[in-house]
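Visitor:
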Amino acid sequence: MHKQRDTQNNIELESIRLAKSFLADDRNAFNKLILLHKRSVFNLCYRFLGDYDDADDCAQEVFIKVSRSLKSFRFESSFSTWLYRITVNTCKNRLNSLEYRLKSRRVRIDAARHMDNESKQIDIEDKSPSPATELIRKEIDRLIQGAINALPAKQKLVVVLRDIEGKSYEEIVEITGFKLGTVKSKLSRARQQLKEALEGKI
Amino acid sequence: MDCRESKNLLSEYIDGILPETKASMVRDHIARCPDCLHAYESMITIIKHMNQMESVEEPADFVESVNARLEKRFHLEGFIRRLFLPARIKIPLELAGVAAAAVLIFYFAGIRDGQALYEVTVSTTMSMDTYDKSSEVTETKVERAAQPAPIAMGKRAAEKLGTSEPRSKKGPDKKPTLQDVINSLEGKVIELEYLEGTNIIIAMTVEIRADRYQTLLQELARLGEIQTASLEVSKDSKEFIRVQITFQHSGP
Numbered sequence: 001m002h003k004q005r006d007t008q009n010n011i012e013l014e015s016i017r018l019a020k021s022f023l024a025d026d027r028n029a030f031n032k033l034i035l036l037h038k039r040s041v042f043n044l045c046y047r048f049l050g051d052y053d054d055a056d057d058c059a060q061e062v063f064i065k066v067s068r069s070l071k072s073f074r075f076e077s078s079f080s081t082w083l084y085r086i087t088v089n090t091c092k093n094r095l096n097s098l099e100y101r102l103k104s105r106r107v108r109i110d111a112a113r114h115m116d117n118e119s120k121q122i123d124i125e126d127k128s129p130s131p132a133t134e135l136i137r138k139e140i141d142r143l144i145q146g147a148i149n150a151l152p153a154k155q156k157l158v159v160v161l162r163d164i165e166g167k168s169y170e171e172i173v174e175i176t177g178f179k180l181g182t183v184k185s186k187l188s189r190a191r192q193q194l195k196e197a198l199e200g201k202i
Numbered sequence: 203m204d205c206r207e208s209k210n211l212l213s214e215y216i217d218g219i220l221p222e223t224k225a226s227m228v229r230d231h232i233a234r235c236p237d238c239l240h241a242y243e244s245m246i247t248i249i250k251h252m253n254q255m256e257s258v259e260e261p262a263d264f265v266e267s268v269n270a271r272l273e274k275r276f277h278l279e280g281f282i283r284r285l286f287l288p289a290r291i292k293i294p295l296e297l298a299g300v301a302a303a304a305v306l307i308f309y310f311a312g313i314r315d316g317q318a319l320y321e322v323t324v325s326t327t328m329s330m331d332t333y334d335k336s337s338e339v340t341e342t343k344v345e346r347a348a349q350p351a352p353i354a355m356g357k358r359a360a361e362k363l364g365t366s367e368p369r370s371k372k373g374p375d376k377k378p379t380l381q382d383v384i385n386s387l388e389g390k391v392i393e394l395e396y397l398e399g400t401n402i403i404i405a406m407t408v409e410i411r412a413d414r415y416q417t418l419l420q421e422l423a424r425l426g427e428i429q430t431a432s433l434e435v436s437k438d439s440k441e442f443i444r445v446q447i448t449f450q451h452s453g454p
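Residue numbers (our numbering), protein chains in the order written: chain A, 1 to 202; chain B, 203 to 454.
1. Measure from the C-beta of TYR84/A to each C-beta in chain B and report whether the shortest distance is under 8 angstroms.
2. Whole angstroms is fine: what's the gap from ILE34/A's alpha carbon to GLY200/A's?
3. Just the C-alpha distance for HIS231/B and GLN8/A, rounded to the nearest angstrom, thanks.
4. How about LYS166/A: is its C-beta nearer than 8 angstroms to some C-beta of chain B?
5. Leaving out five residues on either side along the sequence, give the residues of the same chain with a beta carbon under 8 angstroms from the beta carbon of LEU220/B.
6. Following a CB-centred definition, is SER72/A positioned closer than 7 angstroms to any heavy atom of the ligand COA?
7. Would you kindly work out how many angstroms separate the C-alpha atoms of VAL160/A and PHE48/A, rounded to a whole number?
8. Counting only Cβ pairs nearer than 8 angstroms, list the residues of chain B close to ILE140/A.
9. Ordered along the chain, which non-local residues of its own chain (more than five positions away) have a Cβ less than 8 angstroms from that of ILE64/A?
10. Output the boundary residues of the alpha helix (DSSP H) element that contains LEU33/A.
11. If distances are taken between C-alpha atoms only, which option among ILE216/B, GLY218/B, ASP217/B and ALA225/B comes closest to MET203/B?
12. On a CA-only basis, which of ASN31/A, CYS45/A and SER69/A is nearest CYS58/A? Give me that one, please.
13. Use the C-beta contact count for GLU134/A: other C-beta atoms within 10 angstroms, 16 or more gives buried, fewer gives exposed.
14. Hey, quick one: how far does the alpha helix (DSSP H) through PRO131/A stretch, first residue to last?
15. Should GLN192/A be flagged as near chain B, meaning a C-beta pair shorter than 8 angstroms?
16. Is the region 65-74 of chain A close to the region 163-178 of chain A, with three or more CB pairs under 8 angstroms?
17. Count the other CB atoms within 10 Å of the CB of ASN93/A; is the residue buried (16 or more) or exposed (fewer)?
18. Does DSSP put ILE282/B in a helix, a strand or coil?
19. Measuring alpha carbon to alpha carbon, tell me which residue in ARG191/A, LYS167/A, ARG5/A and LEU83/A is nearest LYS38/A.
20. Which residue marks the beginning of the alpha helix (DSSP H) containing CYS58/A, and which one marks its end?
21. At 9 angstroms on the CB atoms, spell out the chain B contacts of PHE79/A, in chain order.
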């Protein structure tokens, strides 16, 4: 747990350093900033939108917005929280757009690929899961994503931030701008709905 | 505590954020009620699964894609800066005492899904008589997407005026109309706006290919006086751009 906290702190410090370099006209620093955060931004978009291509487009848009509004970022607050806020708003806009609503929802089965589990716990004994385990795991992920897709936007947002991204209630308040009471009630409803949708399936 | 209440508090109970009095009520209820115990266990299972969901990998060319979009943007921002520069030193027509109209050209760049992503304003001047009112276009749709950004014509412009010679118009050859110009560029007029209750055109929107934009500006310069920086639109871009030309009466 401490290790994870330290990693987060390091990412935060490095982000601030890179952001400042970028503001001092170092274009390369911005690329490093993208490299540092692309995975989390992309995943948040994907979990929220439920579509791989939309997530790609949306995540790109997030970084373009970042490059544009970094000038107005006050370095007093957390960079990651600020980045998440931009991501959430970009996703919300996307969900609200007519184009998106008209589009049929779908989940890409092949989307859940492997990644380097740097920030995740590494279980040495179980480093190479059997293909069968892997398949079951993917199927579970797919079912969960499908159930998340069916949630109303606010519930979806809160449950993704809390249960997939592991954010604290306070962080969710800061990212979404919802009141604490709203976060609690939306999360409770989202979890109940997911439970009903997935009970007996996973 | 009944089942309904217990179920409503489960989420907060699992996260350990309930005050102790309520938490113990939930705990007691779950211990006695098999249904609620089952609900509690199911919820924990699902939360655990969500905690362990695998990250999805972004496309391998993600950084390049962002950069390609940024490149376009940086290019346009430089472009915007160059455009606004001459606007600041534009000679106010009323001071020049020429019966002419100021023309504002709006350049909508990077049109995507029919929506303009960026907007640029160029200022130029043009004699009013160069536009043929009897043009064939009769569309009267009045719908303006964007209002012109005010162009500074302050003190500096007035100072400049003292040293500026009025530019001589091009030779005696007959000037083409704006419509001619647009036709010759294979562009089309998509919107005309008239001053209310008159047949005086106050704005027109045309659509041309980006690679024709330079030529359009050159042609506009032939119509009247034009003061603008050279514009850098990718010469091989086949993308369509929209140019909104607004006539503003500034003479007496």
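Backbone N, C-alpha and C define an ideal beta-carbon position, used for all residues, glycine too.
Guide: In short, the structure shows the following:
1. Against the first sequence, residue 84/A aligns to sequence position 84. False, the Cβ-Cβ gap to chain B never drops below 8 angstroms.
2. Position 34 of the first sequence holds residue 34/A. Position 200 of the first sequence holds residue 200/A. Rounded to whole angstroms, ILE34/A to GLY200/A spans 40 angstroms at the Cα level.
3. Taking the first residue of the second sequence as 1, we reach residue 231/B at position 29. Taking the first residue of the first sequence as 1, we reach residue 8/A at position 8. Distance between the alpha carbons of HIS231/B and GLN8/A is about 38 angstroms.
4. One-based indexing of the first sequence puts residue 166/A at position 166. Before going on, a small fix: residue 166/A reads as Gly here, not Lys. For GLY166/A, the answer is yes, since a Cβ of chain B falls inside 8 angstroms of its Cβ.
5. In the second sequence, residue 220/B corresponds to position 18, counting from 1. Counting only Cβ-Cβ distances below 8 angstroms, and skipping sequence neighbours, we find LEU211, GLU214 and VAL228.
6. By its list of ligands, the structure shown contains no ligand whatsoever, and the ligand COA lies outside what it can speak to.
7. For the purposes of this step, residue 160/A is taken as residue 160 along the first sequence, with counting starting at 1. For the purposes of this step, residue 48/A is taken as residue 48 along the first sequence, with counting starting at 1. Each residue's Cα considered, the two are about 7 angstroms apart.
8. Residue numbering aside, residue 140/A sits at position 140 when the first sequence is read from its first letter. Simply HIS251.
9. Residue numbering aside, residue 64/A sits at position 64 when the first sequence is read from its first letter. Non-local C-beta neighbours of ILE64/A in its own chain, meaning closer than 8 angstroms and more than five positions away in sequence, are absent.
10. Mapped onto the first sequence, residue 33/A falls at position 33. Taken as a continuous stretch (DSSP letters only), the alpha helix (DSSP H) holding LEU33/A covers 27-49.
11. By one-based count along the second sequence, residue 203/B stands at place 1. Among ILE216/B, GLY218/B, ASP217/B and ALA225/B, the Cα nearest to that of MET203/B is on ALA225/B.
12. Residue 58/A sits at position 58 when you count from the first residue of the first sequence. Per the Cα distances, CYS45/A.
13. Stepping through the first sequence from its first residue, residue 134/A is reached at position 134. Under this definition GLU134/A is an exposed residue.
14. Position 131 of the first sequence holds residue 131/A. It spans 131-149 - the alpha helix (DSSP H) in which PRO131/A sits, taken as one unbroken run.
15. Your numbering for residue 192/A matches position 192 in the first sequence. Yes - at least one Cβ of chain B is within 8 angstroms of the one on GLN192/A.
16. no
17. The count along the first sequence starts at 1 and reaches residue 93/A at position 93. Its Cβ having fewer than 16 others within 10 Å, ASN93/A is exposed.
18. Here residue 282/B is taken as the residue at index 80 of the second sequence, counted from 1. Residue placement at ILE282/B is flagged as unreliable, the pLDDT there being 49, under the threshold of 50; a coordinate-derived value is accordingly withheld.
19. Against the first sequence, residue 38/A aligns to sequence position 38. Comparing Cα positions, the closest option is LEU83/A.
20. Numbered from 1 along the first sequence, position 58 holds the residue referred to as residue 58/A. Here the alpha helix (DSSP H) through CYS58/A covers 52-69.
21. The residue you call residue 79/A lines up with position 79 of the first sequence. Per Cβ cutoff of 9 angstroms: no residues; PHE79/A is ~17 angstroms from chain B at best.
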